[in-house]
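Written out below as C-alpha cells is the structure these notes cover.
Numbering (our numbering), first residue to last: 636 to 793.
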C-alpha cells in the first residue's frame, strides 16, 4: 500500500528504498496509459514528430523514477528525480504545443496536466527527502556509498 510522504519522513529508520512503497511509479504508469492513446489519435503529420517526442520524454521519466528507486545513494536518487522532473516539463511544453496546433482539446490537456502535476508533486517531495537524507548522512560523517540493492532484493514499485 502507498505511504504518505509525512509518514516516511517522520520515521527515523526509514531505508532509502522506501520510495518503492509509494505510488509515484504507479501514477506515472496510469498517466502513460492515458497519454499513449491520446498521442495515437494525433494527426498522422504530427504523430511521428511531436507525438513521438512526448512518448520518448514520458518513457525517460519512467526510467528515471525506476533508477531513483533502485539506488541507495540519496544524492543519485535526487539527481534521477531532478532529471525526471525535467522530462515532465518537456512533456508539458509539448502537450501545450499540441493543444495550440489543434491536436488536443483544452479539456484533454487539462486532464493530463492534473495527473502530471500530481506526479511532479510526488517527485518533488521525494527529491527533497533524498537531499535532506544526503545532508543528514554528510553531517553524520557517512559517505554516500552509491551501493545498489543486493541481487534478489530489488524493490518493486506499485
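Quick reminder that beta carbons are idealized off the backbone N, C-alpha and C, glycines included. Values in this document were obtained by computation on a predicted structure and should not be read as measured data.
Quick check on the burial criterion: 16 or more other C-beta atoms within 10 angstroms. Buried or exposed for residue i?
{"i": "residue 733", "result": "buried"}
{"i": "residue 786", "result": "With a pLDDT of only 36 at residue 786, under the threshold of 50, the placement of this residue in the model should not be trusted; the figure read from the coordinates follows. Answer is exposed; the Cβ neighbour count stays below 16."}
{"i": "residue 668", "result": "exposed"}
{"i": "residue 731", "result": "exposed"}
{"i": "residue 747", "result": "buried"}
{"i": "residue 775", "result": "exposed"}
{"i": "residue 749", "result": "exposed"}
{"i": "residue 765", "result": "buried"}
{"i": "residue 660", "result": "buried"}
{"i": "residue 651", "result": "Below a pLDDT of 50, predicted positions are generally treated as unreliable, and residue 651, at 44, falls in that range; the measurement from the model is reported next regardless. With 16 or more other Cβ atoms within 10 Å, it is buried."}
{"i": "residue 708", "result": "buried"}
Between the options, which has its C-alpha nearest residue i's C-alpha?
{"i": "residue 618", "options": "703, 759, 752, 743", "result": "The requested residue 618 does not occur in the structure, where the chain is confined to residues 636 to 793."}
{"i": "residue 771", "options": "727, 659, 710, 730", "result": "710"}
{"i": "residue 738", "options": "683, 750, 701", "result": "683"}
{"i": "residue 756", "options": "716, 685, 670", "result": "716"}
{"i": "residue 698", "options": "745, 686, 714", "result": "714"}
{"i": "residue 726", "options": "712, 706, 752", "result": "752"}
{"i": "residue 700", "options": "708, 718, 685", "result": "718"}
In the structure shown, what three-state DSSP assignment does residue i receive?
{"i": "residue 740", "result": "coil"}
{"i": "residue 691", "result": "helix"}
{"i": "residue 714", "result": "helix"}
{"i": "residue 799", "result": "Because the chain spans 636 through 793 in this model, residue 799 falls outside it and cannot be assessed."}
{"i": "residue 677", "result": "coil"}
{"i": "residue 753", "result": "helix"}
Answer with yes or no whether the minimum CB distance from residue i to chain B is below 8 angstroms.
{"i": "residue 705", "result": "Judged by its chain identifiers, the structure shown contains no chain B, having just a single protein chain."}
Comparing the CB of residue i with every heavy atom of the ligand MG, is any distance shorter than 7 angstroms?
{"i": "residue 690", "result": "You won't find the ligand MG in this model; it holds no ligand whatsoever."}
If we count Cβ pairs, one from each stretch, closer than 8 angstroms, do we get three or more for the stretch 681–698 versus the stretch 711–724? By the Cβ criterion, the stretch 681–698 is in contact with the stretch 711–724, since at least three pairs of Cβ atoms, one from each stretch, lie closer than 8 angstroms.
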